Structure formats: structure tokens, C-alpha cells
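So for the sequence shown, my numbering puts the first residue at 62; every next one is plus one.
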Amino acid sequence: MLKKVLALLAMMYAVVSFAAVDVNKASAAELDGVKGIGPTASSRILAERKKGEFKDWRDFTTRVKGIKDAKAKKYSAEGLTVNGAAYKGEAPPAEDIKSKIEAKKNKGEKAALTEVSKK
Numbered sequence: 062m063l064k065k066v067l068a069l070l071a072m073m074y075a076v077v078s079f080a081a082v083d084v085n086k087a088s089a090a091e092l093d094g095v096k097g098i099g100p101t102a103s104s105r106i107l108a109e110r111k112k113g114e115f116k117d118w119r120d121f122t123t124r125v126k127g128i129k130d131a132k133a134k135k136y137s138a139e140g141l142t143v144n145g146a147a148y149k150g151e152a153p154p155a156e157d158i159k160s161k162i163e164a165k166k167n168k169g170e171k172a173a174l175t176e177v178s179k180k
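Here it is, written out as C-alpha cells:
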């Protein structure tokens, strides 16, 4: 009987330790419980959350100082979610992609002009 009780307690502990913590609903203590988030990070998160709930991971990483993609990925792996969603690695906005494509085109044109002028 004692073995069954201990096994049940161990399973309950495992379930609780892997429970997701939603950044929009968590208390400071719950945020501190996520591995890697300390009192400073949790206070920054709560301060930004007072201004309004986080819409998604991009909003979260943009608004909270010190949390970028690498930390977001780590926190998500430890059970942190934004509106119930795990971090998937946000794609850059379309305008960033367009500007990079234009820059590459311009760089290619400049290289071609340089070669023509050398001849």
C-alpha cells in the first residue's frame, strides 16, 4: 500500500512540474517557478503585463526587456506559454524580409557595376 501511495505522489509531482505556466495568468511565484526566470525577469514580465496582455511570443519578446528569441525558446521548453502557445521561433515581419531582399539585389547590382567599370 505504501508503495502505491509513493508512486501516486511521484506521478502527481511529475505532472505538476511539467504543467504549463501561461505568462498572461501566472503570479510572480509561478513565473519564478519556471527554470531560468528569476525575480528580476518576473517583475519585468508583470510590469509589462499590467500595460496589457501579451498577444503572442513576438509581442512578449518585444515588450519585455532582456528576453529575446534564445531565452523565449528556453522558457518555452521549461513550460512557459503565451496564450497557451509554446514558442515556435517567430518569423521576422514581412517588411524585414523585403528590406533584406532589396539589400541583396542592390549589393548584386553594385558588384556588377564594379566589374564593368574594371574592364
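Glycine residues also receive a C-beta, built at the ideal position from the N, C-alpha and C atoms. Bear in mind that the values here come from a model prediction, so they are computed numbers and not experimental data.
Could you tell me which of the options sits nearest to residue i, measuring between CA atoms?
{"i": "Lys116", "options": "Ser104, Ala80, Tyr136 and Asn85", "result": "Asn85"}
{"i": "Ala87", "options": "Asn144, Met62 and Gly127", "result": "Asn144"}
Beta carbon of residue i, beta carbon of residue j: below 7 Å?
{"i": "Lys111", "j": "Glu139", "result": "no"}
{"i": "Thr142", "j": "Asp83", "result": "yes"}
{"i": "Lys132", "j": "Arg105", "result": "no"}
{"i": "Lys129", "j": "Tyr148", "result": "no"}
Which term fits residue i, buried or exposed, when burial requires 16 or more other beta carbons within 10 angstroms of its beta carbon?
{"i": "Val76", "result": "The predicted position of Val76 is uncertain, since its pLDDT is 46 and thus under 50; a value taken from the coordinates is nonetheless stated next. Exposed, by the Cβ-count rule."}
{"i": "Ala102", "result": "buried"}
{"i": "Leu92", "result": "buried"}
{"i": "Ile162", "result": "exposed"}
{"i": "Ser78", "result": "A caution first: Ser78 carries a pLDDT of 48, below 50, which makes its placement in the model unreliable, though a value can still be read off. Ser78 is exposed by the Cβ-count criterion."}
Any heavy atom of the ligand GDP inside 6 Å of the beta-carbon of residue i?
{"i": "Ala102", "result": "In the structure shown, the ligand GDP is absent, as is every other ligand, since no ligand is present at all."}
Could you give the first and the last residue of the continuous alpha helix (DSSP H) run that contains residue i?
{"i": "Ser103", "result": "Pro100 to Lys111"}
{"i": "Phe121", "result": "Trp118 to Arg124"}
{"i": "Glu139", "result": "From DSSP, Glu139 is part of no alpha helix (DSSP H); its letter is neither H nor E."}
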